[in-house]
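>
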Amino acid sequence: MALDILAVAPLYQGPDINKIRLMAETTKKSTTPPKPLTPSRTKLTTIETKRIMSVLDETIHKVELVTLLSNVASSSQSLEGMLGEDIMKAVREHVDLCQTLLDHVNYLQEEEQRLQEEEGFEDEPWFRDLVFSIELQKSRLPPLRQQIRESTKNVLRLLLRNPQAASLLQVQSLGRSEEAQSFIDSLVELRGFLFEKLLTSPMEARDKTQFIQDITRRNRRNQEIIDTLENELAACMRNRDAEVEKENFVVQELKNHLHQVLVVQELKNHLHQVLKFSENSLLRTKQEAEKQQKADFRASQARVAKIQQEILLLRSQFHNLVMENREAEQALRKKKYKVETE
12 MALDILAVAP LYQGPDINKI RLMAETTKKS TTPPKPLTPS RTKLTTIETK RIMSVLDETI
72 HKVELVTLLS NVASSSQSLE GMLGEDIMKA VREHVDLCQT LLDHVNYLQE EEQRLQEEEG
132 FEDEPWFRDL VFSIELQKSR LPPLRQQIRE STKNVLRLLL RNPQAASLLQ VQSLGRSEEA
192 QSFIDSLVEL RGFLFEKLLT SPMEARDKTQ FIQDITRRNR RNQEIIDTLE NELAACMRNR
252 DAEVEKENFV VQELKNHLHQ VLVVQELKNH LHQVLKFSEN SLLRTKQEAE KQQKADFRAS
312 QARVAKIQQE ILLLRSQFHN LVMENREAEQ ALRKKKYKVE TE
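Following the working numbering, the numbering of the sequence shown begins with 12 at its first residue and continues without gaps.
#1: Terminal residues of the continuous alpha helix (DSSP H) containing Asn230?
#2: Please name the residue, chosen from Lys149, Thr227, Ile159 and Pro174, that lies closest to Leu94 on a Cα-to-Cα basis.
#3: Kindly confirm or deny that the stretch 201-210 and the stretch 56-76 touch, where touching means at least three C-beta pairs closer than 8 angstroms.
#4: Apply the 10 Å Cβ neighbour rule to Leu330 and answer buried if 16 or more other Cβ atoms are within range, or exposed otherwise.
#5: Which residues mark the beginning and the end of the alpha helix (DSSP H) in which Ser144 is found?
#6: Within 10 Å of its beta-carbon, does Leu293 have 16 or more other beta-carbons around it, so buried, or fewer, so exposed?
#7: Who are the near neighbours of Ala339 in its chain, counting only those whose CB is closer than 6 angstroms to its CB and skipping five residues on each side?
#8: Quick one: Cα of Thr239 to Cα of Glu256, how far?
#9: Please report the distance separating the alpha-carbon of Ile223 from that of Gln110.
#10: Can you have a look at Val333 and say buried or exposed, based on whether 16 or more other CB atoms are within 10 angstroms of its CB?
#11: Compute every distance between the C-beta of Gln284 and the non-hydrogen atoms of the ligand ADP, then say whether any falls below 8 angstroms.
#12: With distances taken between CB atoms, is the gap from Leu119 to Gln148 smaller than 9 angstroms?
#13: From Ser178 to Leu79, what distance separates their C-alpha atoms?
#14: With contact counted as at least three CB pairs below 8 angstroms, one residue from each stretch, are the stretch 188-198 and the stretch 68-76 in contact?
#15: Give every residue of the same chain whose Cβ lies closer than 7 angstroms to the Cβ of Glu123, excluding the five residues on either side of it in the sequence, and list them in chain order.
#16: Leu79 by DSSP, collapsed to three states: which one?
#17: Under the three-state reduction of DSSP, which class applies to Gln183: helix, strand or coil?
#18: So, Leu7 versus Leu210, is the Cβ gap smaller than 9 angstroms?
#19: With 16 other CB atoms within 10 Å as the buried threshold, where does Met99 fall?
#20: Please state if the CB of Val116 and the CB of Leu152 are separated by a distance shorter than 9 angstroms.
#21: Do you know offhand how far Glu301's Cα is from Gln312's?
#22: Going by Cα to Cα distance, which pick from Leu185, Leu112 and Ala246 is closest to Ser150?
#23: Excluding the 5 residues preceding and the 5 following Arg202 in the sequence, name in chain order all residues of the same chain whose CB lies nearer than 8 angstroms to its CB.
#24: Where does Ser162 land, buried or exposed, given buried means 16+ other C-beta within 10 angstroms?
#25: For Thr57, which three-state DSSP category applies?
#26: Do Phe138 and Glu128 count as a contact pair if the criterion is CB distance below 9 angstroms?
#27: Helix, strand or coil: which one does DSSP assign to Ser188?
#28: Considering only the alpha carbon of each residue, which of Leu108, Ala176, Val166 and Val199 lies closest to Arg156?
#29: For Glu123, report the span of its alpha helix (DSSP H) as first-last.
#30: How big is the Cα-Cα spacing for Cys247 and Ile237?
#31: Leu170 and Leu185 look like a contact to me (Cβ under 8 angstroms); what is the Cβ gap, rounded to whole Å?
#32: In this structure, does DSSP put Met34 in helix, strand or coil?
#33: Measuring only the C-alpha atoms, how far is Glu243 from Arg249?
#34: If the criterion is Cβ atoms closer than 9 angstroms, does the pair Val142 and Leu167 meet it?
#35: Drop a sphere of 10 angstroms on the beta-carbon of Thr101, count the other beta-carbons inside from all chains shown, and report buried for 16 or more, exposed for fewer.
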């Protein structure tokens with residue numbers, strides 16, 4: 012029975028086989044109060060209970076060996092001389108089978124992904140061929156898993172026949188993966204629970220059940236008292252919150268009134284400043300306008316004087332040009348007269 016439990020591929024953690032992960036979840040350690048009742052016996056007395064614990068101890072021992080096969084595969088050269096040729100040969104065959112299973116699983120995942128992406132082509136021949144190929148690969152998985160189970164049993168059988176090799180392998184506990192160690196810890200915890208359960212007599216079990224029922228009833232009564240106190244506290248808190256809300260409302264109204272008074276005062280101050288600024292601005296504007304008017308007047312007088320000078324200059328030039336034209340005209344007339352008389 013123990014071999015059937017252990018002979019599964021996910022318990023082997025090789026460099027690539029880690030992709031087939033161990034599905035045992037990490038046991039959460041919770042702090043529990045001390046047990047009020049402890050078994051009166053410290054050792055198992057019946058053959059049945061001893062057999063149960065023996066099977067569980069054997070299972071834990073085999074799990075510890077199986078979960079170290081990955082370390083044997085990764086350091087085969089250093090362990091081959093210590094474990095023996097038969098064991099190493101069986102381990103290598105087991106590694107090959109696990110790798111083959113991993114390849115098949117990866118191939119199926121890729122093909123199923125491709126099948127999902129091509130859902131619109133169900134009527135195509137190549138699509139049916141792909142479905143047939145996937146089904147064929149799936150049909151090869153059960154025999155391969157059975158081979159891995161047999162391979163695991165064979166490796167365990169060889170290790171159990173050679174206690175020295177098993178002891179050497181158990182020394183390599185650092186090579187065990189976290190998932191496998193978590194699974195072993197869970198089995199050890201289960202062993203402790205089962206051992207305590209087997210040590211407990213029917214009378215002690217009834218006493219423990221009665222004790223738990225008493226604790227449960229007491230806890231229920233305490234919870235009812237706590238609920239009542241919480242309800243009273245909630246009512247007091249609601250009343251206090253209502254009073255605080257009223258006080259906050261009054262304080263807020265006073266703050267709003269004070270704020271309005273301050274706003275009115277600020278508006279008055281602002282209006283006074285605006286009026287003062289307007290008067291000052293009007294006075295400056297008037298002074299600047301007078302200055303600008305005087306400057307414009309002086310500038311216009313200067314322009315008039317300049318224009319008058321230019322007019323006098325132009326008249327003088329015009330007079331000179333007229334005189335020159337007259338002299339030139341008289342000279343031309345004399346010349347013309349002279350030409351006509353000749």
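A virtual CB, placed ideally from N, CA and C, is assigned to each residue, including glycine.
A quick note: this is a predicted structure, and the numbers were derived from the prediction, not measured.
Checking against the coordinates, here is how it stands:
#1: Position 219 of the sequence shown holds residue 230. In the DSSP assignment, Asn230 falls within the unbroken alpha helix (DSSP H) covering Pro213 to Thr352.
#2: Translated into the one-based positions of the sequence shown, residue 94 becomes position 83. Selected option, being the one with the closest Cα: Pro174.
#3: By the C-beta criterion, the stretch 201-210 is judged to be in contact with the stretch 56-76, since at least 3 inter-stretch pairs fall below 8 angstroms.
#4: Here the question's residue 330 lines up with position 319 in the sequence shown. According to the sequence as given, residue 330 is His; it is not Leu. His330 should be labelled exposed.
#5: Indexing the sequence shown from 1 puts residue 144 at position 133. Start and end: Pro136 to Arg172.
#6: Within the sequence shown, residue 293 is the residue found at index 282, counting from 1. Burial is judged here by how many other beta carbons sit within 10 angstroms of a residue's own beta carbon; Leu293 has fewer than 16 and is exposed.
#7: By 1-based counting over the sequence shown, the position of residue 339 is 328. Cβ within range, chain order: n/a, list empty.
#8: Numbered from 1 along the sequence shown, position 228 holds the residue referred to as residue 239. Numbered from 1 along the sequence shown, position 245 holds the residue referred to as residue 256. Approximately 25 angstroms, taken between the alpha carbons.
#9: As a working mapping, residue 223 is identified with position 212 in the sequence shown. As a working mapping, residue 110 is identified with position 99 in the sequence shown. For the pair Ile223 and Gln110, the Cα-to-Cα distance works out to about 51 angstroms.
#10: As a first step, residue 333 must be located in the sequence shown, where it is residue number 322. Val333 is classed as exposed because its beta carbon has fewer than 16 other beta carbons within 10 Å across all chains shown.
#11: Among the components modelled here there is no ligand, and therefore nothing to report on the ligand ADP.
#12: Within the sequence shown, numbered from 1, the residue matching residue 119 stands at position 108. Within the sequence shown, numbered from 1, the residue matching residue 148 stands at position 137. For Leu119 and Gln148, yes; Cβs fall inside 9 angstroms.
#13: Translated into positions along the sequence shown, residue 178 becomes position 167. Translated into positions along the sequence shown, residue 79 becomes position 68. Separation of Ser178 and Leu79 (C-alpha to C-alpha, rounded to the nearest whole angstrom) is 12 angstroms.
#14: Short answer: they touch.
#15: If you number the sequence shown from 1, residue 123 lands on position 112. Ile145, listed in sequence order.
#16: In the sequence shown, counting from the first residue as 1, residue 79 sits at position 68. DSSP places Leu79 outside both helix and strand once states are collapsed to three, so it counts as coil.
#17: On the sequence shown, position 172 is the one that residue 183 refers to. Coil at Gln183, not helix or strand.
#18: A question about residue 7 goes unanswered here, because the residues of the chain that appear run from 12 up to 353.
#19: Residue numbering aside, residue 99 sits at position 88 when the sequence shown is read from its first letter. The residue in question, Met99, is buried, as its Cβ has 16 or more Cβ neighbours within 10 Å.
#20: Counted from its first residue, the sequence shown places residue 152 at position 141. Counted from its first residue, the sequence shown places residue 116 at position 105. Against a cut-off of 9 angstroms, the Cβ pair of Val116 and Leu152 comes out as a contact.
#21: Reading the sequence shown from its first residue, position 290 is the one you call residue 301. Reading the sequence shown from its first residue, position 301 is the one you call residue 312. Taken atom to atom, the span from the alpha-carbon of Glu301 to that of Gln312 is near 17 angstroms.
#22: Counting from 1 along the sequence shown, the entry for residue 150 is found at position 139. Among Leu185, Leu112 and Ala246, the Cα nearest to that of Ser150 is on Leu112.
#23: Residue 202 sits at position 191 when you count from the first residue of the sequence shown. The residues are Met64, Leu67, Asp68 and Ile71.
#24: Sequence index remark: in the sequence shown, residue 162 carries index 151 (1-based). Buried: at least 16 other Cβ atoms inside 10 Å.
#25: For the purposes of this step, residue 57 is taken as the residue at position 46 of the sequence shown. In the displayed model, Thr57 falls within coil according to three-state DSSP, outside both helix and strand.
#26: Position 117 of the sequence shown, counting from 1, holds the residue named residue 128. Position 127 of the sequence shown, counting from 1, holds the residue named residue 138. Taking 9 angstroms as the Cβ cut-off, Glu128 and Phe138 do not qualify as a contacting pair.
#27: The residue given as residue 188 occupies position 177 in the sequence shown. If DSSP states are grouped into helix, strand and coil, Ser188 belongs with coil.
#28: Working through the sequence shown from its first residue, we reach residue 156 at position 145. That would be Leu108, whose Cα lies nearest to the Cα of Arg156.
#29: Looking up residue 123 in the sequence shown gives position 112. The continuous alpha helix (DSSP H) containing Glu123 extends over residues Glu96 to Glu128.
#30: If you number the sequence shown from 1, residue 247 lands on position 236. If you number the sequence shown from 1, residue 237 lands on position 226. Approximately 15 angstroms between the Cα atoms of the pair.
#31: The sequence position of residue 170 within the sequence shown is 159, counting from 1. The sequence position of residue 185 within the sequence shown is 174, counting from 1. Between Leu185 and Leu170 the Cβ distance is about 18 angstroms, and since that is not below 8 angstroms, they are no contact.
#32: Here residue 34 refers to the residue found at position 23 when the sequence shown is read from its first residue. Caution applies to Met34, whose pLDDT of 37 falls short of 50 and renders its modelled position unreliable; the value that the coordinates give is listed next. Reduced to three states, the DSSP call for Met34 is coil.
#33: Sequence index remark: in the sequence shown, residue 243 carries index 232 (1-based). Sequence index remark: in the sequence shown, residue 249 carries index 238 (1-based). If you take the alpha carbons of Glu243 and Arg249, they lie about 10 angstroms apart.
#34: Taking the sequence shown and counting its residues from 1, the one referred to as residue 142 is at position 131. Taking the sequence shown and counting its residues from 1, the one referred to as residue 167 is at position 156. No, Cβ-Cβ distance for Val142 and Leu167 is not below 9 angstroms.
#35: Position 90 of the sequence shown, counting from 1, holds the residue named residue 101. Per the sequence presented here, residue 101 reads as Ala, with Thr not at that position. Ala101 comes out buried.
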